[in-house]
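Count the sequence shown with UniProt numbering and you get residues 1 to 618, in order. Ideal Cβ placement from N, Cα and C applies to all residues, glycine included. The model shown is predicted, which means the values in this text are computed figures rather than measured ones. Shown next, in structure tokens, is the structure this report addresses.
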Amino acid sequence: MSGQEENAPFTEPTAYNYPEPKATNKPFEQPDEPKNPVVRGLPLYYGASLISSLGIVQEFLWKNTGFGRLRDSSELNDVEPRYNPTVIPVPSTNASNSQPATPADAPRVPAADADGRFYTVYDYHEAYKTGKVTPTRVAEVLLPLIRRDVEKPSEHSKAWLDVRPDLILAAAAASTQRYKEGKPLGLLDGVPVTVKDEVDLAGHRKSIGTTHDYTNKEGATSFCVTQWEEEGAVILGKSSMHELGLDTTNNNPNHGTPLNPYNSHYYTGGSSGGSGYAVGSGLIPLALGADGGGSIRIPSQYCGIFGIKTSHGRVSLRPTSSLAKSTGVIGPMAANMADLEIGYRTLAQPDRLNPTSARFPPPPTSINLRASRPKVLGICKPWFDRADAPVKERCKAALDHLVQTQGYSVIDISLPNLAAGQSAHALTILAEIGSGTPSLAGLTAPNKILLSVGAHASGIDFLAAQKLRNLLMQHLAHLYRAHPGLLVVTPTTPNAGWHISGGAADLAYGVSDGNRSIRSMEYVWLANFTGCPAIQAPVGYADPAEGDGPVPVGLMAMGEWGDEETCIAFGYDVEAWLNGGLKGGRRRPDKWVDVLALAVEKMASAEGEGDGEVSGKL
1 MSGQEENAPF TEPTAYNYPE PKATNKPFEQ PDEPKNPVVR GLPLYYGASL ISSLGIVQEF
61 LWKNTGFGRL RDSSELNDVE PRYNPTVIPV PSTNASNSQP ATPADAPRVP AADADGRFYT
121 VYDYHEAYKT GKVTPTRVAE VLLPLIRRDV EKPSEHSKAW LDVRPDLILA AAAASTQRYK
181 EGKPLGLLDG VPVTVKDEVD LAGHRKSIGT THDYTNKEGA TSFCVTQWEE EGAVILGKSS
241 MHELGLDTTN NNPNHGTPLN PYNSHYYTGG SSGGSGYAVG SGLIPLALGA DGGGSIRIPS
301 QYCGIFGIKT SHGRVSLRPT SSLAKSTGVI GPMAANMADL EIGYRTLAQP DRLNPTSARF
361 PPPPTSINLR ASRPKVLGIC KPWFDRADAP VKERCKAALD HLVQTQGYSV IDISLPNLAA
421 GQSAHALTIL AEIGSGTPSL AGLTAPNKIL LSVGAHASGI DFLAAQKLRN LLMQHLAHLY
481 RAHPGLLVVT PTTPNAGWHI SGGAADLAYG VSDGNRSIRS MEYVWLANFT GCPAIQAPVG
541 YADPAEGDGP VPVGLMAMGE WGDEETCIAF GYDVEAWLNG GLKGGRRRPD KWVDVLALAV
601 EKMASAEGEG DGEVSGKL
């Protein structure tokens with residue numbers, strides 16, 4: 001393992017707030033298997049209030065989590081705490097990794113005959129430019145599928161929490177007129193997208209998946225959303241999420257739970273599960289998610305799509321901020337890498353009114369995938385091998401393809417304190433979300449338990465967690481300095497999906513299964529806690545525990561702070577495996593909706609009835 005056990009020589013960092021590169025040489029320790037009680041159904045419903053009011057029960061559950069062990073770690077004694085993982089790259093004068101062409105000039109979309117092909121942003125753009133269909137016809141097809149306020153809502157409607165048909169049709173009509181005049185605003189003009197309930201969207205209620213009202217009092221729209229709006233995207237309202245973002249299933253008894261489009265016996269994953277469903281079912285090519293502990297990457301894996309967790313602080317959520325202040329970020333989820341790239345590049349523009357976002361350099365217009373770049377994948381083998389056998393098999397097949405055909409090399413790396421680090425991340429995110437949620441009243445039963453137990457963290461515990469954050473960031477800085485261009489690679493989750501084992505009772509009352517929650521987050525938490533960017537890409541499918549549909553499996557790569565470009569290039573290389581190397585190719589779910597074909601039919605029908613102009617009425 002070249003250079004692994006010695007500190008890399010320190011060089012002047014090309015980023016603000018860059019951690020001191022410093023290796024922690026500690027053997028991998030297999031984490032203790034969690035032994036949290038699993039509670040579901042009526043016992044959960046009635047027991048949550050009891051647990052949240054009895055300190056002795058909360059204390060027992062607190063000790064059972066292992067959070068308290070952080071304060072006993074002597075190796076943290078001389079480590080300074082780090083409360084903010086933001087590392088901001090210094091703008092580079094070297095343009096070798098960029099090219100002047102826009103993505104529209106050289107689209108890197110799947111071949112027209114690729115197995116299981118999903119429509120791309122480019123497909124919508126071309127259909128609108130040629131007059132094959134209009135944004136209004138697309139909106140008219142989608143609205144009956146996503147609205148809840150109709151007599152018989154479709155099965156897709158649970159993926160949305162708030163839909164305003166008047167705003168959607170107005171945006172679509174404006175886009176239709178721009179195309180008619182030959183003046184589209186860009187690639188996203190007229191493209192249907194949705195945004196997670198966690199962000200602000202003028203004219204829409206924000207609940208963050210709860211029954212409470214968190215709507216911005218000024219009626220503002222989050223800066224990141226305005227970036228898509230200014231490109232002409234048609235925002236289809238707010239997508240559903242796990243209440244407060246506090247688990248990885250997207251189970252939401254408050255508003256209903258969308259079921260996985262590939263297999264209805266499985267969850268979509270969360271907390272950005274509505275966005276994951278919307279893209280995975282083919283309804284839209286691009287959606288906005290938020291990620292404090294895998295909440296973009298987990299539903300992207302479960303729903304068989306691509307998702308990127310951006311560097312901490314890069315994408316502005318102003319005027320509000322994430323409840324998970326030091327771990328949460330905004331990023332896109334997409335059907336194809338081309339969509340993910342254009343979605344990211346549009347979102348990641350610096351916000352001059354946000355002091356952090358304003359210091360990030362704008363992303364390059366595009367990347368040259370043919371340019372020479374390091375292609376180094378770092379694998380912590382004992383950690384990687386903790387994944388379930390079907391997941392390991394499919395991830396290793398994709399890695400073999402990358403090495404054999406894409407020029408990648410694989411090196412062994414060590415990562416210290418992973419089990420303790422996951423506890424530190426969980427303690428931190430519970431403390432941060434808990435501080436923004438002063439009352440447990442009205443919350444679902446699982447979250448009453450989570451937040452009441454999390455409230456037992458002392459200042460000493462929180463301080464120890466932030467010391468461990470710094471230690472991990474220093475070790476990663478050592479690795480990135482020793483191996484420029486390094487991507488730390490793992491499965492996205494060690495499990496192939498999350499089976500709804502409790503059936504209807506789980507959907508009605510929620511489920512408290514800390515063991516599976518911890519397991520599903522085993523790999524994703526590190527990027528959140530340390531602020532690094534990370535991408536999820538689908539690499540295959542596993543057999544289900546129940547039902548006929550396959551269960552998607554994903555591979556994740558975590559890059560250096562500010563280096564989304566290497567993550568994106570990796571995503572394209574994995575997509576080549578998905579569309580050309582994987583036996584059987586990519587698969588669309590049985591619930592996949594052919595939106596463009598339906599819109600073309602509607603267009604033809606309207607023209608046959610003499611309705612040559614868009615009416616904007618359903």
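If you drop the 5 nearest sequence neighbours on each side, which residues of the same chain put their C-beta closer than 8 Å to that of residue i?
i: PHE462; result: LEU427, THR428, ALA431
i: GLY585; result: ALA114, ASP115, GLY116, LEU578, ASN579
List the endpoints of the continuous beta strand (DSSP E) containing residue i.
i: residue 633; result: With the chain running from 1 to 618 in the structure shown, residue 633 is simply not present.
i: LEU161; result: 160 to 162
i: THR194; result: 192 to 196
i: GLY237; result: 234 to 239
i: ALA557; result: 551 to 558
i: LEU288; result: 286 to 291
Excluding sequence positions up to five away, which residues of its chain have a Cβ less than 6 Å from the Cβ of residue i?
i: LEU246; result: ASN447, LEU450
i: PRO16; result: Reading off the sequence, residue 16 comes out as Tyr, not Pro. The residues are ILE88.
i: ARG394; result: VAL539, GLY540, VAL553
i: ARG516; result: none
i: ALA348; result: ARG314, VAL315, PRO363
i: MET603; result: VAL133, ARG137
So the alpha helix (DSSP H) residue i belongs to, where does it begin and stop?
i: PHE223; result: 223 to 229
i: TYR541; result: Note, TYR541: premise wrong, no alpha helix (DSSP H); beta strand (DSSP E) at 534 to 542.
i: GLY454; result: 445 to 454
i: ALA171; result: 165 to 180
i: ASP506; result: 503 to 509
i: PRO135; result: 135 to 146
i: ASP123; result: 121 to 129
i: SER321; result: No alpha helix (DSSP H) holds SER321; DSSP gives it neither H nor E.
i: VAL279; result: 273 to 280
Can you tell me whether residue i is helix, strand or coil according to DSSP?
i: LYS26; result: coil
i: LEU463; result: helix
i: THR346; result: helix
i: ALA527; result: helix
i: GLY307; result: strand
i: ASN97; result: Low local confidence applies: a pLDDT of 42 at ASN97 is under 50, so the model's placement there is unreliable, and no value is given.
i: ARG40; result: strand
i: MET337; result: helix
i: SER409; result: strand
i: LEU440; result: coil
i: ALA545; result: coil
i: THR490; result: strand
i: ALA104; result: Reliability fails at ALA104, whose pLDDT of 43 lies under 50, so the model's placement of it is uncertain and the value that follows must be treated cautiously. Reduced to three states, the DSSP call for ALA104 is coil.
i: SER52; result: helix
i: HIS499; result: strand
i: PRO89; result: strand
i: TYR83; result: coil
Measure the Cβ-Cβ separation of residue i and residue j and say whether it is below 7 Å.
i: LEU70; j: ALA424; result: yes
i: GLY289; j: SER311; result: no
i: THR176; j: THR136; result: yes
i: GLY485; j: VAL410; result: no
i: GLU564; j: MET337; result: no
i: GLY274; j: SER300; result: no
i: ALA599; j: VAL279; result: no
i: ASP291; j: MET241; result: no
i: ALA419; j: PRO34; result: no
i: LEU169; j: ALA127; result: no
i: ASN252; j: GLU243; result: yes
i: GLN536; j: MET521; result: no
i: HIS475; j: THR14; result: no
i: ALA335; j: PHE118; result: yes
i: GLU231; j: ILE568; result: no
i: ILE298; j: GLY331; result: no
Quick one: what's got a C-beta closer than 7 Å to residue i's C-beta in the same chain, skipping five residues either side?
i: ALA545; result: HIS499
i: LEU468; result: LEU70, LEU76, ASN417, ALA420, GLY421, ALA424
Taking three-plus beta-carbon pairs below 8 Å as touching, is the segment 393 to 411 in contact with the segment 569 to 589?
Taking a cut-off of 8 Å on C-beta distances, the segment 393 to 411 touches the segment 569 to 589, as three or more cross pairs fall below it.
Count the C-beta pairs between the segment 522 to 541 and the segment 73 to 87 that are closer than 8 Å, then say yes if the count reaches three, no if not.
The segment 522 to 541 vs the segment 73 to 87: in contact.
Using 8 Å as the threshold, is the segment 379 to 398 in touch with the segment 497 to 514, meaning 3 or more CB pairs across them?
No, they do not touch.
So, does the segment 506 to 516 touch the segment 313 to 329, judging by three or more C-beta pairs under 8 Å?
With a cut-off of 8 Å, the segment 313 to 329 and the segment 506 to 516 do not count as touching, because too few Cβ pairs lie within range.
Check whether the segment 371 to 389 and the segment 251 to 269 touch, using three or more Cβ-Cβ pairs below 8 Å as the test.
No contact exists between the segment 371 to 389 and the segment 251 to 269.
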